Structures are given as C-alpha cells and as structure tokens.
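K.L.:
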Amino acid sequence: MSDDLHRRLSNFVDWIATDSEREEDLRDRANNIRKSISTKAKDDSLVVRATPSSGSFATRTGLRRHMRGESEVEGQDVDVPFVVAPKTKDEERVESLLARFDTYAAESHLDTERETTKSSVKLKFTDNVNYDLVPMFATKDPERQIIVRSDGERRETSVQKHVEFVRSRTQKSKATPGCVAFNDMVRLLKWWRCFREAEGRTVKELPSFLITLLAAHAFDHRGVRAKYGETMADWLGFLARQVRRRARIGFNDFAAAQRAPSAPSGQVWEVYDPVNSENNVVDKWSGVMCDELGGWLDDSRDAMYEAIVAFDDDRENDGVECLVRVFGAPVRHHSEGD
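Note that my numbering has the sequence shown beginning at 106, numbered continuously upward.
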C-alpha cells in the first residue's frame, strides 16, 4: 500500500536528518565558536558587526549523514558567518582576513584540525562535524553582506534572506494538508544528489544551494502532495522537464531588493540567486551537464513511479528496490523504522 511507501520515506527522512538532541549540541558548539572567535577578533582590533545563523543548520535542511561511494558516513557541516567592518586596506584583502581567522581558530581551538578554503576557515572536529568560519564584509544594509573569495570574486548576498527564503516555504508546506514539509524534501533531494554524484560523468558536484533553489522552484509550481512518494515523483518529473528545456529559473521573494536581468545572459542555463539576480549559480554549466542532470531526474522519476505502483500492488520488496535506484542501498534498511 502507498501508506507503506510513505512510512518508509518518513523513516528515511528521520534517519538522514539531525535529531533534536544533536541539534542542540551543534547549536551550543556554534555559539561557543562565535564567542571565542569574536573575542580573538576584538583583541586583534577587528570589528565584527554580527554573526547571524545561516545555512542548512538554520533552515533545518542539513544531512546528519552523507554518501561516499556505496557507504554512508556520519558527518555534518555548519556555517558560522562573521560580518566584519574593515577599517584598513589590509582588512579588505580576503587573503589577509582568512589568515587572521585561521590564527583566531588556531589559538582558540588548539587541538582541532583546520583547513582554509577560498572563502572560509574550516574547523574539522573528530566527530566528523565541520564548522566553516566565513568572514563577510558589512554593507549599509544590516541584512546584506559582501562575500569575497581568494580568487578575487566579490558577491553581494544576504544570510538572513537566504534563511527566510527556505523557512517561508517550510511554513507554507506545513499549512498544506498532509505530512510533507518543504525542508524535508530538500533533505531527500540532497541525499539523492549525494548518491547520483558518485556516478557522475560531467556533473561532479551539485551544490547544496542549487539543490535548494531547484526544490523551491518545484515547490512554487507544484506544491506538496499529501505523501512523500507522490511529492518526490512529481517534483522529479517537473524538474526533469525544466532542466531538459533549460528553463530560466528565478524568484520574486525579495523583488524590491534586486534588479531582474534585463536580457538573457547567453549562458546555457540560468538559475538565479533569490537575493542577487546577477548571480547565476549555474553560469559555468554546459549543455552536456544539463543533459546528464536531466537524465538523472528522468531515471529517478521513473523509479519513484514504479515504487508507487509496486507498493500499491503489495509488492513491497520490488518497491524497495525501486527506492534503491533513487536513494542508494541505505534506503533498503534505514527506511524500515524501529
């Protein structure tokens, strides 16, 4: 029965998500990191204006576990932004800023492994939880920031509005009859992404931000059904058509704060950041990459509909094998529940 399919996918969502006790621990650790790094910055005369909550942790779309090849591993990434107000030319150089944050991290977390990326300093704890310290520049608007990468790219963003973008859809989905929440659909698509990336030929990485935008596009046009299976099948089919058509994807949540692109960019595909319409998050994509993503979505849509039919026909084992084609082998056992 389809109720068995919904039960299995509900159990699977619970398994990939972070439980409430662990969420509280992660939040406490993030707050301690904010305090310790901010103290070091203050001692170094660097002005930190704010440390807003951000990313998948703030929107409750994160994964507690990830796929690596055929196996699932524990692990979670938590973003910790630091909005700074530079007072000197040196403080405006991202290389200098990252070096200072690396020093703050080293002094406040002596035994913790660190890694510097293009735009952050990553604290890598032994329990496979990583905290990304992301310095950003303040603007006149307290809800907008400038993120700068070590390659010189500067981009206006809004931590607060990105969080609102997801939370508003989650709230709307919970007001819809049924049990399907937008944030949990994002989780399922992120897990699906992890599984498909392992076999990618040209698409080696589907960024979490892109997954969130595609989920939002599907939600805005299709809403959510009463159950996970029907919603997932519907979204996969809708997104497959959008990608195949190279549909231009944008959002009007914060229209007053952004300028719509005046003309097509000439790029193969366009998916725009809801808080910065000049930021096409797929500007480097090729037609071959779009075709591969469209193929993944097509195949997964077919498997989901086959799963629905199998469960409706009381062929649970066949239905589960269809789910494996979408989410990988872990769904076979971790959808059973206690």
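Every residue gets a Cβ at the ideal spot worked out from N, C-alpha and C, and that includes glycine. Given the structure is predicted, the values throughout are model-derived calculations rather than measurements.
1. Three-state secondary structure (DSSP) at Thr221?
2. Identify, in the order they occur along the chain, each residue of the same chain with its Cβ nearer than 7 angstroms to the Cβ of Ala361, setting aside the five sequence neighbours on each side.
3. Over the uninterrupted beta strand (DSSP E) stretch that includes Phe314, give me the two end residues.
4. What's the gap between the Cα of Val234 and the Cα of Lys389?
5. Quick check: the Cα distance between Met394 and Arg169, rounded to an integer number of angstroms?
6. For the alpha helix (DSSP H) that Pro435 lies in, which residues bound it at each end?
7. Would you mind reading off the limits of the beta strand (DSSP E) that contains Thr262?
8. Could you check whether the stretch 244-262 touches the stretch 344-358, counting it as contact only if at least three pairs of C-beta atoms, one from each stretch, sit closer than 8 angstroms?
9. Does Phe117 pass the burial test, meaning 16 or more other C-beta atoms within 10 Å, or should it be called exposed?
10. Go through its chain and collect everything with a Cβ distance to Lys229's Cβ below 8 angstroms, but skip five positions before and after it.
11. Among the residues of its own chain, which have a CB less than 6 angstroms from the CB of Ser405, if the five just before and after it don't count?
12. Taking the beta strand (DSSP E) that Val189 belongs to, which residues open and close that run?
13. Helix, strand or coil: which one does DSSP assign to Asn137?
14. Identify whether Phe432 lies in helix, strand or coil by the three-state DSSP scheme.
15. Which residues bound the alpha helix (DSSP H) around Gln250?
16. At the level of alpha carbons, what is the spacing between Thr336 and Leu202?
17. Three Cβ pairs or more, each shorter than 8 angstroms: is that satisfied between the stretch 126-135 and the stretch 291-309?
18. My understanding is that Leu402 touches Ala345, with C-beta atoms under 8 angstroms, so please give their C-beta distance in whole angstroms.
19. Just to confirm, are Ser141 and Ser213 a CB contact at a threshold of 8 angstroms?
20. Is it right to say Ser440 is buried, meaning 16 or more other beta carbons lie within 10 angstroms of its own, or is it exposed?
21. At what residues does the alpha helix (DSSP H) containing Ser382 begin and finish?
22. Cutting at 7 angstroms between CB atoms, please list the residues of its own chain near Ile121, excluding the five before and the five after it.
P.N.:
Reading from the atomic positions:
1. Walking along the sequence shown from the start, residue 221 turns up at place 116. Strand, per DSSP.
2. Translated into the one-based positions of the sequence shown, residue 361 becomes position 256. Since pLDDT at Ala361 reaches only 49, below the 50 mark, its modelled position is unreliable, and no value is offered.
3. Within the sequence shown, residue 314 is the residue found at index 209, counting from 1. Where Phe314 is concerned, there is no enclosing beta strand (DSSP E), although the alpha helix (DSSP H) it sits in stretches over Ser313 to Arg327.
4. The residue labelled residue 234 in the question sits at position 129 within the sequence shown. The residue labelled residue 389 in the question sits at position 284 within the sequence shown. When rounded, the distance between both Cα atoms is 30 angstroms.
5. As a working note, residue 394 is residue 289 in the sequence shown. As a working note, residue 169 is residue 64 in the sequence shown. Each residue's alpha carbon lies about 28 angstroms from the other.
6. The residue you call residue 435 lines up with position 330 of the sequence shown. Counted as a single uninterrupted DSSP element, the alpha helix (DSSP H) harbouring Pro435 occupies residues Pro435 to His439.
7. Here residue 262 refers to the residue found at position 157 of the sequence shown. Judged by DSSP secondary structure, Thr262 falls within the beta strand (DSSP E) whose first and last residues are Arg259 to Thr262.
8. Not touching, per the Cβ criterion.
9. Along the sequence shown, read from residue 1 onward, the residue named residue 117 stands at position 12. Burial state of Phe117 is buried, judged by a 10 Å Cβ sphere holding 16 or more other Cβ atoms.
10. By one-based count along the sequence shown, residue 229 stands at place 124. Excluding five sequence positions before and after Lys229, the CB atoms of its chain that fall closer than 8 angstroms to its own CB belong to Thr217, Glu218, Arg219, Glu220 and Asn235, given in chain order.
11. Mapped onto the sequence shown, residue 405 falls at position 300. Taking C-beta separations shorter than 6 angstroms and ignoring five residues to either side along the sequence, the partners of Ser405 in its chain run Leu341 and Val431, following chain order.
12. Position 84 of the sequence shown, counted from the start, is the residue given in the question as residue 189. Val189 -> beta strand (DSSP E) spans Gln181 to Val189.
13. For the purposes of this step, residue 137 is identified with residue 32 of the sequence shown, where counting begins at 1. In this structure, Asn137 counts as helix in the three-state DSSP scheme.
14. Here residue 432 refers to the residue found at position 327 when the sequence shown is read from its first residue. Three-state result, Phe432: helix.
15. Reading the sequence shown from its first residue, position 145 is the one you call residue 250. Going by DSSP, Gln250 is part of no alpha helix (DSSP H) but of the beta strand (DSSP E) stretching over Gln250 to Val253.
16. Residue 336 sits at position 231 when you count from the first residue of the sequence shown. Residue 202 sits at position 97 when you count from the first residue of the sequence shown. So the alpha carbons of these two residues sit roughly 44 angstroms apart.
17. No, they do not touch.
18. Working through the sequence shown from its first residue, we reach residue 402 at position 297. Working through the sequence shown from its first residue, we reach residue 345 at position 240. 4 angstroms between Cβ atoms; contact.
19. Counting from one through the sequence shown, the residue named residue 141 turns up at place 36. Counting from one through the sequence shown, the residue named residue 213 turns up at place 108. Closer than 8 angstroms, so yes.
20. Here residue 440 refers to the residue found at position 335 when the sequence shown is read from its first residue. Ser440 counts as buried, since no fewer than 16 other beta carbons sit within 10 angstroms of its beta carbon.
21. Translated into the one-based positions of the sequence shown, residue 382 becomes position 277. Per DSSP, Ser382 belongs to no alpha helix (DSSP H); it is in the beta strand (DSSP E), Asn381 to Asn385.
22. Your numbering for residue 121 matches position 16 in the sequence shown. Correct list, in chain order: Leu168, Arg169, Arg170, Arg292 and Trp296.
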